[in-house]
Amino acid sequence: MSTVVADQAEPDEAGFTSGNLFAYLPGVLLLIAVGLLGKYSQIWWNSFAHQQHWVVPDVEYVLWAILIGLLVTNTVGLHRIFRAGVQTYEFWLKIGIVALGVRFVLGDVLKLGGISLVQILVDMTVAGAIIVAAARFFGLSGKLGSLLAIGTSICGVSAIIASKGAIRARNSDVSYAIAAILALGAVGLFTLPVLGHALGLTDHEFGLWAGLSVDNTAETTATGYLYSEQAGKLAVLVKSTRNALIGFVVLGFALYWASRGEADEVAPGLRARAAFVWVKFPKFVLGFLAVSAIATAHWLSKGQTANVANVSKWAFLLTFAGVGLNTNIRELVHTGWRPLVVAVVGLVVVAAVSLGLVLLTSRGLHWGVGAG
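All the letters of the sequence shown, read from the start, carry residue numbers 1 to 372 under UniProt numbering.
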């Protein structure tokens, strides 16, 4: 998530792009500090509740890290010396996802990926059509409606950024769309786990639901892990399948707006369009599959497998801290109400359709997937 709406034309996939790595050090250290504080807060809370003989739920470190990050950003603020390093939380997210592949059998990955692909396509079709119609109803520009549809149905901020140049969207439309998606991510992060428990969803069912419903990958991961570790793993797997479709969706919208003379023409021919899709494809998905294949082939010892899994946990710890530190509530509320309403409509539709599909496949068809 981004902390400054005015700067949201920039990608949220920050990484180590500067030659001066020391510029990132303060922010990365802050991510580590907030993440560890969240971990120790969980331990302290459980110990304190036990001493007081309170019967209270176990508040996961995921929530503690996010809340502490939120508190820092929305009280004292995030000094510019920390911003570059804090923005690398998307980099740590990708490291965590790649390393998480060690916990999955490749056959199960392909099975779940194939079935969730059908669910995703249904979600995309229904949600995309309704969001575009809602945007038109509320008087939003066609391209803002397209950006909201892309962000809600596929890959959140990353998809919006990838679409900006392809459909020649205005900076103001991009900023509005990103702010709406970020606000939606915060809503989903705190409401879906509550709804999941109220509905009695299993870890497997909730992981699928979160992976299909929440837009940004960081928030998807956090939402899943707030429910349980197993739900978090499955949410990441399903979300990675959604991410893999980003190039095809952007290509579709680019062709549509080009046909109206409002975007650059996409080069004709299968090879040119395949190259377009490849440029937009999130390469970390291939890393996840490669690690899963290595683990499935038993090329790693038990100790090595455990070490790779620990890398994933540490990387996610920094990611969850970054989600909180990058959420500035005061800036999100300044977004125009109409994009927010359209985004909420999209969230409700996607969540409802996804839940129906998850319950159908889980309780009707009785299939599952393994994660170690």
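Yeah, the Cβ is synthetic: ideal placement off N, Cα and C, and Gly gets one too.
Three-state secondary structure (DSSP) of residue i
i: Phe104; result: strand
i: Arg168; result: coil
i: Leu140; result: coil
i: Val157; result: helix
i: Val132; result: helix
i: Val333; result: coil
i: Thr327; result: coil
i: Ala149; result: helix
i: Asn46; result: helix
i: Asn20; result: coil
i: Gln52; result: coil
i: Leu237; result: helix
i: Ser163; result: helix
i: Leu31; result: helix
i: Ser362; result: helix
i: Glu13; result: A caution first: Glu13 carries a pLDDT of 43, below 50, which makes its placement in the model unreliable, though a value can still be read off. Correct three-state label for Glu13: coil.
i: Ala297; result: coil
i: Ser354; result: helix
i: Ser228; result: coil
Which listed residue (the options) has its alpha carbon closest to that of residue i
i: Asp215; options: Leu270, Leu148, Val358, Thr296; result: Leu148
i: Val311; options: Ile97, Val62, Leu25, Arg83; result: Ile97
i: Val341; options: Ala179, Leu317, Tyr40, Pro268; result: Ala179
i: Trp257; options: Ala293, Phe288, Ala169; result: Ala169
i: Ser153; options: Tyr225, Asn243, Lys280, Phe276; result: Asn243
i: Val174; options: Val194, Ile150, Trp209; result: Ile150
i: Phe316; options: Pro26, Ile32, Gly27; result: Ile32
i: Ile161; options: Val333, Phe281, Ser141, Glu331; result: Phe281
i: Ala321; options: Val157, Ala218, Val285; result: Ala218
i: Leu195; options: Gly261, Thr241, Leu355; result: Leu355
i: Phe276; options: Ala295, Phe248, Ala293; result: Phe248
i: Ala84; options: Ile68, Leu30, Trp209; result: Leu30
i: Lys313; options: Gln230, Val345, Pro339, Val344; result: Gln230
i: Val333; options: Lys239, Tyr176, Ala351; result: Tyr176
Counted within 10 angstroms of its Cβ, other Cβ atoms place residue i as buried (16 or more) or exposed
i: Thr125; result: exposed
i: Asp264; result: exposed
i: Val348; result: exposed
i: Pro116; result: According to the sequence shown, residue 116 is Ser rather than Pro. The residue in question, Ser116, is buried, as its Cβ has 16 or more Cβ neighbours within 10 Å.
i: Asn326; result: buried
i: Ser259; result: exposed
i: Gln52; result: exposed
i: Gln87; result: buried
i: Asn171; result: exposed
i: Val323; result: buried
i: Pro193; result: buried
i: Thr361; result: buried
i: Ser2; result: Residue placement at Ser2 is poorly supported in this model, since its pLDDT is 41, which falls under 50; the coordinates still yield a value, given next. So Ser2 ends up on the buried side.
i: His204; result: buried
i: Ala14; result: The pLDDT assigned to Ala14 is 45, lower than 50, so where the model puts this residue is not dependable; a value taken from the coordinates is nonetheless given after this. Buried: at least 16 other Cβ atoms inside 10 Å.
i: Trp299; result: exposed
i: Ile329; result: exposed
i: Tyr40; result: exposed
i: Phe284; result: buried
i: Trp44; result: exposed
i: Gln8; result: Because Gln8 carries a pLDDT of 39, less than 50, the predicted location of this residue cannot be relied on, and no value is offered for it.
i: Lys302; result: exposed
4-residue-minimum alpha helix (DSSP H) runs that sit fully inside the region 165-225, ordered along the chain
171-198, 203-213
Which runs of the alpha helix (DSSP H) fall wholly inside the region 60-117 and span at least 4 residues, in chain order?
61-75, 80-86, 89-100
Which full runs of the beta strand (DSSP E) of 3+ residues lie inside the region 241-291, going along the chain?
none
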